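Single-structure report; data block below.
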Amino acid sequence: MAVNSVMELHRFLAQPGAMEKVLGMVRALRSRIVTVVEEEANHNGRTFIERFTKALHYYSSMFDSLESGKAKTMEGETVSAAEEQQQHRAMVEAYLGRQICNVVACKGTEQTERHEMLGQQRWRMARAGFEPVHLGSNAYKQASMLLALYTSDEGLWVEEADDCLTLDWHTRPERERWDQIDIKI
Numbered sequence: 001m002a003v004n005s006v007m008e009l010h011r012f013l014a015q016p017g018a019m020e021k022v023l024g025m026v027r028a029l030r031s032r033i034v035t036v037v038e039e040e041a042n043h044n045g046r047t048f049i050e051r052f053t054k055a056l057h058y059y060s061s062m063f064d065s066l067e068s069g070k071a072k073t074m075e076g077e078t079v080s081a082a083e084e085q086q087q088h089r090a091m092v093e094a095y096l097g098r099q100i101c102n103v104v105a106c107k108g109t110e111q112t113e114r115h116e117m118l119g120q121q122r123w124r125m126a127r128a129g130f131e132p133v134h135l136g137s138n139a140y141k142q143a144s145m146l147l148a149l150y151t152s153d154e155g156l157w158v159e160e161a162d163d164c165l166t167l168d169w170h171t172r173p174e175r176e177r178w179d180q181i182d183i184k185i
């Protein structure tokens, strides 16, 4: 059995003890592998100004990367400007807009978008009994090829570090990381 968590674990940080409970349940499944995809950002500040500042830096990089790249079709042709604007607007309004509002305006248990930095995520997983494993020799190559298929921007790249892959924009970790975690049984 394998467990795959994509952009969900960070939401459990809103309720005290919920993350530990979920990780305990995942561990109890005794699966051979757990994969985690999460955004790497520090959106857990206690004060408004701290959350605002971190969100400003993070999401400005996100918007920069979205604005600079041109989406590609599978044949390598650029998507029409109207389609691109429509896709961009829908994504921003439906996903990023909600996230920004939640990170900046909400506090306490109402703030469900509680992204953490890789070190904190690793600590939490280790504490629950998980340990990282190497992704394999082809994971980096495959992720880089997929990125090249869907973007023409050279500022966006895949980086492999600490047994995970990150999608980076210039010097900032951009959106997400892919991690495989082995379970000690």
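Taking UniProt numbering, the leading residue of the sequence shown gets 1, the next gets one more, and so forth. Ideal placement from N, C-alpha and C gives every residue a C-beta, glycine not left out. Keep in mind that this is a model prediction, so the values were computed, not measured.
- Same chain, Cβ closer than 6 Å to residue 12, neighbours up to 5 away in sequence not counted: Position 12 of the sequence shown holds residue 12. Around residue 12: 18, 19, 22.
- Item | beta strand (DSSP E) segment containing residue 167, residue limits | The residue given as residue 167 occupies position 167 in the sequence shown. Residue 167 -> beta strand (DSSP E) spans 164–169.
- Item | Where residue 4 falls: helix, strand or coil (DSSP) | Start at 1 with the first residue of the sequence shown, and residue 4 comes out as number 4. Shown here, residue 4 sits in a strand according to DSSP, grouped into three states.
- When we look at the beta-carbon of residue 166 and count the other beta-carbons within 10 Å, is it buried (16 or more) or exposed? Within the sequence shown, the letter at position 166 stands for residue 166. Under this definition residue 166 is a buried residue.
- Would you report the Cα separation of residue 128 and residue 162, rounded to the nearest angstrom? As a position in the sequence shown, residue 128 is number 128, starting the count at 1. As a position in the sequence shown, residue 162 is number 162, starting the count at 1. For residue 128 and residue 162, the distance between alpha carbons rounds to 18 Å.
- Item | Entirely enclosed beta strand (DSSP E) segments - the segment 60–140, minimum 3 residues | Listed in chain order, they are 130–132.
- Of all the options 114, 95, 27, 33, which has the alpha carbon lying nearest to the alpha carbon of residue 62? The residue you call residue 62 lines up with position 62 of the sequence shown. For residue 62, the nearest C-alpha among the options comes from 95.
- Query: With 16 as the cutoff for other CB atoms within 10 Å, does residue 164 come out buried or exposed?
  - Reply: Against the sequence shown, residue 164 aligns to sequence position 164. That one is buried.
- Query: By how many angstroms is the C-alpha of residue 45 removed from the C-alpha of residue 100?
  - Reply: Locating residue 100 in the sequence shown gives position 100, counting from the first residue. Locating residue 45 in the sequence shown gives position 45, counting from the first residue. One C-alpha to the other measures close to 14 Å.
- Message: The beta strand (DSSP E) that contains residue 41, what's its start and end?
- Response: Position 41 of the sequence shown holds residue 41. Element bounds for residue 41: n/a, residue is neither H nor E.
- Straight-line CA distance for residue 117 to residue 142? For the purposes of this step, residue 117 is identified with residue 117 of the sequence shown, where counting begins at 1. For the purposes of this step, residue 142 is identified with residue 142 of the sequence shown, where counting begins at 1. Distance between the alpha carbons of residue 117 and residue 142: 24 Å.
- Query: Counting pairs of Cβ atoms below 8 Å between the segment 83–91 and the segment 118–138, do you hit three or more?
  - Reply: no
- Message: Between which residues of its own chain and residue 55 is the CB-CB distance below 7 Å, once the five residues before and five after are set aside?
- Response: For the purposes of this step, residue 55 is taken as residue 55 along the sequence shown, with counting starting at 1. Shown here for residue 55: same chain residues with a beta carbon closer than 7 Å to its own, the five before and five after excluded, namely 43, 100, 103, 104 in chain order.
- Can you tell me the Cα-Cα spacing of residue 186 and residue 131, whole angstroms? Not covered by the structure: residue 186. The range shown for the chain is 1 to 185.
- Message: Is the beta carbon of residue 139 closer than 9 Å to that of residue 160?
- Response: Taking the sequence shown and counting its residues from 1, one reaches residue 160 at position 160. Taking the sequence shown and counting its residues from 1, one reaches residue 139 at position 139. For residue 160 and residue 139, yes; Cβs fall inside 9 Å.
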